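Asks:
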Amino acid sequence: EIVSGETEEESNGVNLMEFSDEILLHILSYVPCTDLVLNVRRTCRKLATLCLDKSLTHTVLLQKDYKVNKDKVKQLMRDIGKEIHQLNMAGCYWLPSSTIDHVTRCKNLVKLNLSGCHVTSLRLSKMLSTLQHLRSLAIDVNPGFDASQLSSECKATLSRVSELKQTLYTPSYGVVPCCTSLEKLLLYFEILDRSREGFMLSGQLMVGESNVPHYQNLRVFYARLAPGYVNQEVVRLYLAVLSDRTPENLHAFLISAPGSFAETGATKNLLDSMARNVRLDALQLPKAWINGSGLLQHLKFNNPFYFSFSRCTLSGGHLIQRVINGGKDLKSLTSLNLSGCVHCLAPESLFRKAEDDIDSSILESLVVSCCNLRHLNLSAAHHHSSESIGNHLCQLLARLKHLLSLALPVCSITSVAADVEKPPTASHLVPQTFGRKVRIGIQTYPRNFTDQANQKIESSVFWALMGSLRFLETLEIIGSSFSSAMPRNEPAIRNSLPPCVRAQSVGDSEVAAISQLTYLQSLTLAQLPNILTGSGLINIGLQCQHLRTLSLANLGMMGKVVYMSALMDMLKHCKCLRDLRLEQPYLCAGAQFFQALSHCSSLQRLCIVSRSGRGTLQADAVMSFMASCLELVMCHMFMGESLTVCRSLQQSIVRSFQADRPALNVVIFPLLHEDLTEVIRDVPMRHLDEITLFKSRVAEEPPNLWW
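Taking UniProt numbering, the leading residue of the sequence shown gets 1, the next gets one more, and so forth.
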């Protein structure tokens, strides 16, 4: 709390108001703008002046200010609207569309992000007509959008916009044809194949949408497609113009498409033109456009900072020869996504099995050439190290001292030396001589950090890797065969594939090693089969005090949740935790769990996915937790309860807490219900994309793609 200078000094003799203006401005920069303008500046004269300093009002971020409402936005715009140059309201799904009308007070806006906000064509036209200085815009294009309703003044503003981010929920060009000065274009395709009534949708554009986009000044083209053929049809219409004439200044070309996205004659012409006319700094293409083609051999790169070859069959030999080019000019590369690229660390892929050992020389060449990597994704593949001393994957990655985020498959972190501790088996436990019977069971594992250290975990290659990456902020350890029980546009998956054989020994010791990451902010652990007690989680809770996001899925034995006691102990120490996602069969969300979760005073979003039996979700415990966790605004639970029980609990939460929490989003629904996909489509995209759906997020997009 910030207090006025007139109050008595604290017992330690420090008065906040005696600090210099520079220090106070730095402190105030961590306070949400709505609090500064509507509350803090009313405490005293000095703060009244400082809170309106240009350094604090130039950029206003409301995108995760879940307490903001229409009245606060109105007052904020009235007080400092003319001072705002950058306004981010992305994901403010709870604000009524009329809230956008108040943005017209921000006459000097240069950047505006309205992704996830409800904006009609007419409201957009009225607002943009007054923003003559606007150069960067992010909006959604929803069903009913009509470009013919945009006024000439609005189109004049759009003609000066150089950066556009557009999320499409309906087949449309949106405002792209009006933006004649585009230099950066980001497109997110979220169009469903079927309407709510069950009718198949077409990828053809609406009548009057035949205007041609203007790409002549384009420098960055990015397109991310959700699953579905309609999204593929629409993106081809956007690409058709590019295939006719490739912009000379294009330096980043990125298309993220799940599944199969076939190459056509038009896209082949586009790629051929790019190979002849441009030098790229960032590249991502659908796997079908790269697999089996010599495209990479012909593309030219300038100072590349981002590559993604996710799910491609690119071999390590091709990676070294055609992309890394012997280490030339790759010091600039800061982000590399090789997720699902199963042969990327092998010399060739023709006769190789996915489970064969990697070629450490290829990884070593990669590490040496790309020594400034900050984001690396090697998940969704079997990267097995050989027994060669000093050539383990973890030992080689330890050289990348600048890493901030890392994603690895579980089987890649296990040691292969003969003396490495193996999981207990019945044959090891049965006595070899006659005599007194011995009970066979699970070995006891220590729960505290000191005892874990005594079990030689410091000597493991993964322990050493964690010790060398002290500044790592994001870590994902995901089983190579793991798939979430809740995919995007399909029914819930009922059966999961078994973990890789090499991953069988990965468990509590490896989790304990993660606790060395003092600055860790986001952690994902999925399909670690040898979790016996979860004791490593307690170490993480104690040591990783900056942890904000935690995602755990399918840890230990699938028939029983063996780590729940340790998780509850861990949660008592996670004071900064904001997002928690748990996916585990037979998870019991009872009173003890929610009582432990109540210690996470900063928690904002909770998602639980469990194919559990009925009676595992206690409604009273959930209601008590919601009442004590005041910051929580998202509660998603997909479990085994009946539809009646789920609806009753959801309605009770909404009735009790919606009034005080305007952004509250509650979805409680049976995981295996046939209407799950219909429920998912109503979840705000911010929550769906960031927490509800499981995916690897390391190097998913280029860094700083959008502000």
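Even for Gly, the Cβ is constructed at its ideal location relative to N, Cα and C. Computed from a prediction, not measured in an experiment: that's the story for all the values here.
For residue 88, count neighbouring C-beta atoms within 10 Å of its own C-beta (all shown protein chains included) and say buried if the count is 16 or more, exposed if not.
Replies: When all chains shown are included, residue 88 counts as buried.
Asks: Name the two residues that bound the continuous alpha helix (DSSP H) containing residue 653.
Replies: 643–657
Asks: If you count every other CB in all the chains shown that lies within 10 Å of the CB of residue 30, and 16 or more means buried, which is it?
Replies: Around the beta carbon of residue 30, fewer than 16 other beta carbons sit within 10 angstroms, so the residue counts as exposed.
Asks: Round the Cβ separation of residue 668 and residue 605 to the nearest angstrom and send it over; I've been treating them as touching at under 8 Å.
Replies: The beta carbons of residue 668 and residue 605 sit about 14 Å from each other, so the pair does not count as a contact at 8 Å.
Asks: Work out the CA separation of residue 43 and residue 693 for me, nearest whole Å.
Replies: If you take the alpha carbons of residue 693 and residue 43, they lie about 43 Å apart.
Asks: The alpha helix (DSSP H) spanning residue 278 covers which residue range?
Replies: Annotation for residue 278: no alpha helix (DSSP H) segment contains it, and DSSP assigns it neither H nor E.
Asks: Quick check on the burial criterion: 16 or more other C-beta atoms within 10 angstroms. Buried or exposed for residue 471?
Replies: Exposure of residue 471 is indicated by the presence of fewer than 16 other C-beta atoms within 10 angstroms of its C-beta.
Asks: In three-state terms, what does DSSP make of residue 449?
Replies: Residue placement at residue 449 is flagged as unreliable, the pLDDT there being 45, under the threshold of 50; the coordinate-derived value follows with that caveat. Looking at residue 449 - three-state DSSP - the assignment turns out to be helix.
Asks: Run through DSSP, which three-state label would residue 127 get?
Replies: helix
Asks: Taking its Cβ as the centre, do 16 or more other Cβ atoms sit within 10 Å of residue 73, making it buried, or is it exposed?
Replies: buried
Asks: Which residue's Cα is closest to the Cα of residue 609: 639, 320, 627 and 482?
Replies: 639
Asks: Suppose the cutoff is 7 Å on Cβ atoms and the five residues either side in sequence are ignored; what does the same chain contact list for residue 352 look like?
Replies: 343 and 346
Asks: Here's a check: name, in chain order, each residue in its chain whose Cβ is nearer than 7 Å to the Cβ of residue 133, leaving out the five neighbours to either side.
Replies: Cβ contact annotation for residue 133 (same chain, cutoff 7 Å, sequence separation greater than five): 108, 109 and 110, in chain order.
Asks: If you drop the 5 nearest sequence neighbours on each side, which residues of the same chain put their C-beta closer than 6 Å to that of residue 162?
Replies: 135, 181 and 183
Asks: Between residue 529 and residue 536, what straight-line distance do the alpha-carbon atoms span, to the nearest angstrom?
Replies: 14 Å
Asks: Once DSSP output is grouped into helix, strand and coil, what is the label at residue 224?
Replies: strand
Asks: To the nearest angstrom, how far is the alpha carbon of residue 170 from that of residue 62?
Replies: 26 Å
Asks: Bridge partners for residue 581 per DSSP, in chain order?
Replies: Checking the DSSP bridge columns, you'll see residue 581 partnered with 551 and 607.
Asks: Is it a yes or a no for the segment 211–218 touching the segment 236–256, going by three-plus beta-carbon pairs under 8 Å?
Replies: yes
Asks: On the DSSP letters alone, give me the boundaries of the alpha helix (DSSP H) that residue 140 sits inside.
Replies: Per DSSP, residue 140 belongs to no alpha helix (DSSP H); it is in the beta strand (DSSP E), 136–141.
Asks: Alpha carbon to alpha carbon, how far is residue 650 from residue 666?
Replies: 6 Å
Asks: Bridge partners of residue 669, per DSSP?
Replies: 638
Asks: Who are the near neighbours of residue 629 in its chain, counting only those whose CB is closer than 8 Å to its CB and skipping five residues on each side?
Replies: Hits under 8 Å: 597, 598, 600, 601 and 603.
Asks: State the DSSP-derived secondary structure class of residue 429, mapped to helix, strand or coil.
Replies: Its pLDDT being 32, under 50, residue 429 is placed unreliably in this model, and the value from its coordinates should be taken loosely. Helix.
Asks: Tell me the rounded alpha-carbon separation between residue 289 and residue 164.
Replies: 26 Å
Asks: From 79, 534, 549 and 459, pick the residue whose C-alpha is nearest to that of residue 58; which is it?
Replies: Among 79, 534, 549 and 459, the Cα nearest to that of residue 58 is on 79.
Asks: I need the straight-line Cα distance from residue 695 to residue 19, nearest angstrom please.
Replies: 45 Å
Asks: With a 10 Å radius around its C-beta and 16 neighbouring C-beta atoms as the bar for buried, classify residue 687 as buried or exposed.
Replies: buried
Asks: Keeping to the same chain, check which residues put their C-beta closer than 8 Å to that of residue 159; ignore five residues upstream and five downstream.
Replies: 178, 179, 180 and 181
Asks: Determine the direct distance from the alpha carbon of residue 534 to that of residue 646, and round the result to whole angstroms.
Replies: 29 Å
Asks: If you follow the alpha helix (DSSP H) that residue 478 is part of, which residue opens it and which one closes it?
Replies: Not the alpha helix (DSSP H): residue 478 falls in the beta strand (DSSP E), residues 474–478.
Asks: Contact check, residue 377 vs residue 698 under 8 Å by CB: the rounded distance?
Replies: 4 Å
Asks: Let me know the secondary structure DSSP gives residue 194 once reduced to three states.
Replies: strand
Asks: Kindly indicate which residue of 235, 556, 302 and 322 has the alpha-carbon position closest to the one of residue 166.
Replies: 235
Asks: Would you kindly report the start and end of the unbroken alpha helix (DSSP H) that includes residue 462?
Replies: Going by DSSP, residue 462 is part of the alpha helix (DSSP H) stretching over 461–468.
Asks: Going by DSSP in three states, residue 400 sits in which element: helix, strand or coil?
Replies: Taken through DSSP and simplified to helix, strand or coil, residue 400 comes out as coil.
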